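Data block below; observations after.
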Amino acid sequence: MTNKVGVEINHAVMDSYYQHLLPLVCSLGPHKVNALVRKIVTLGGILVNHDQFIKSGLLTTKIFLNAAGFLHTPWDLDMKSVNNRHTDEDGPDPLDATHIQPKDYKLAQKMATDSLKLDEENAHREHPSHVVSLIMDDNNNE
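Numbering-wise, the sequence shown is residues 91 to 232 according to our numbering.
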């Protein structure tokens with residue numbers, strides 16, 4: 091059931107009760123979770139995006155790819171709480187809050203661009219998933 095709904099990683103790091111869901115995520119277990127939480131706390135306690143799992147050495151690539159669809163990072167993160175440790179490209183990604191696997195992000199971005207009938211060249215001036223965030227923010231979009 092945990093994999094069906096996913097786990098918001100920043101919430102799990104801050105809330106010891108919620109943290110008990112992490113060992114139930116595919117490819118994780120109690121020992122990996124303890125090490126993961128310790129490493130995230132060392133980095134400041136907040137992950138901005140999925141890229142940090144690999145770039146910061148929090149998980150191996152194989153473990154991350156198995157767990158990525160179930161570990162969510164909020165894309166509407168208040169960046170003041172993160173001390174501006176990112177550039178626009180390294181900022182929050184709306185796809186990191188979904189079950190979409192990172193290997194499929196480009197497809198999701200293209201589908202979003204096509205559905206809004208935007209020019210791909212103009213869309214690439216923003217964060218790669220900016221167009222996805224437009225759709226996710228639009229409550230009237232059917």
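Glycine included, each C-beta is placed from N, C-alpha and C at the ideal position. These numbers come from a predicted model, not from an experiment.
Give the straight-line distance between the Cα atoms of residue i and residue j, rounded to the nearest whole angstrom.
i, j, result
"residue 104", "residue 111", "13 Å"
"residue 155", "residue 225", "25 Å"
"residue 120", "residue 127", "11 Å"
"residue 141", "residue 211", "24 Å"
"residue 173", "residue 186", "Any answer about residue 173 is weak, because its pLDDT of 46 lies below 50 and its placement is not dependable; what the coordinates show is given next. Going from the Cα of residue 173 to the Cα of residue 186 covers about 20 Å."
"residue 201", "residue 145", "27 Å"
"residue 191", "residue 157", "9 Å"
"residue 196", "residue 220", "12 Å"
"residue 108", "residue 188", "19 Å"
"residue 151", "residue 123", "15 Å"
"residue 207", "residue 194", "20 Å"
Helix, strand or coil: which one does DSSP assign to residue i?
i, result
"residue 123", "helix"
"residue 216", "coil"
"residue 97", "strand"
So residue i and residue j are in contact, right, with Cβ under 8 Å, and what is the actual spacing, rounded?
i, j, result
"residue 96", "residue 160", "5 Å"
"residue 149", "residue 100", "Actually they do not touch by this definition, with Cβ atoms about 15 Å apart."
"residue 115", "residue 93", "6 Å"
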